[in-house]
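Each residue of the sequence shown is one higher than the one before, counting from 1 in the working numbering.
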Amino acid sequence: MKIAILALQGAFEEHRQMLLKICVESFFVRNLADYQQEKDALIIPGGESTTILKLLKDLSLYEPVRTGIINGLPVFGTCAGLIMLDGGHLGSMNIEVRRNAYGRQLGSFHVEGRFEGIDHEIPMTFIRAPYITKVGGGVEVLAKVDGNIVAARQDKQLVTAFHPELNDDTSVHEYFLKMAGGR
Ligand code: GLN
């Protein structure tokens, strides 16, 4: 398998390290030519969704990425990457999202929690995170923290409000690769 990691801004290197740990090949996408390389799935990292959206548009990546996802390219969005898939951004997922849902300053915290389809509690690190306020048809909720939805899936699209790439546990990445059809 070969995974494309959107590397315009944010925590893209951490995703590459995570994939290295489980021996999965990846490459960074910084422009259209990178994106057009052969790939089995795409990761959109955390960072600042306003910046990532602007760069996607400036680099003429917005339409190709959107079309790719809508046509079935498996995608995993973490934090700002989750926001990127909602109706106000790439619009590929049937979710409504509240940005900076935990407040801007005191919004970073860590918990261990259940994730549907993973057999143990996983570490969840939140950094000025969003959560999902509403899911529509076809969306399966995978994790909740304090009653708020922090992970969900729709077909081959996976999103987490937390950053699995910032901890040692590789389970969520492995879940994604399985979902993408590789394991
Ligand atoms: N607060 C950021 C945003 O709204 C997301 C933070 C993150 O990705 N860690 O885009």
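Glycine is no exception: its CB is placed at the ideal position from the N, C-alpha and C atoms. All values derive from a computational prediction rather than experimental measurement.
Exercise for the section: Measure the Cβ-Cβ separation of Leu85 and Val159 and say whether it is below 7 Å. Expected result: Reading the sequence shown from its first residue, position 85 is the one you call residue 85. Reading the sequence shown from its first residue, position 159 is the one you call residue 159. Contact: yes.
Practice task
Give me the Cα-Cα distance between Tyr35 and Val29, rounded to the nearest whole angstrom.
Solution key: For the purposes of this step, residue 35 is taken as residue 35 along the sequence shown, with counting starting at 1. For the purposes of this step, residue 29 is taken as residue 29 along the sequence shown, with counting starting at 1. So the two alpha carbons sit approximately 5 Å from each other.
Exercise for the section: Take every Cβ of the region 136-152, pair it with every Cβ of the region 32-47, and state whether three or more of those distances are shorter than 8 Å. Expected result: No contact exists between the region 136-152 and the region 32-47.
Practice task
Can you check the region 72-125 for any beta strand (DSSP E) of at least 3 residues that lies completely inside it and give the ranges in chain order?
Solution key: 75-78, 95-98, 109-113
Exercise for the section: Mind checking which residues open and close the beta strand (DSSP E) that includes Ile44? Expected result: Numbered from 1 along the sequence shown, position 44 holds the residue referred to as residue 44. From DSSP, the beta strand (DSSP E) with Ile44 extends over 41-44.
Practice task
Please report how far the alpha carbon of Lys144 lies from the alpha carbon of Gly91, in whole angstroms.
Solution key: Mapped onto the sequence shown, residue 144 falls at position 144. Mapped onto the sequence shown, residue 91 falls at position 91. Whole-angstrom Cα-Cα distance: 22 Å.
Practice task
Could you say if the region 12-25 and the region 155-174 meet the contact criterion of at least three C-beta pairs nearer than 8 Å?
Solution key: yes
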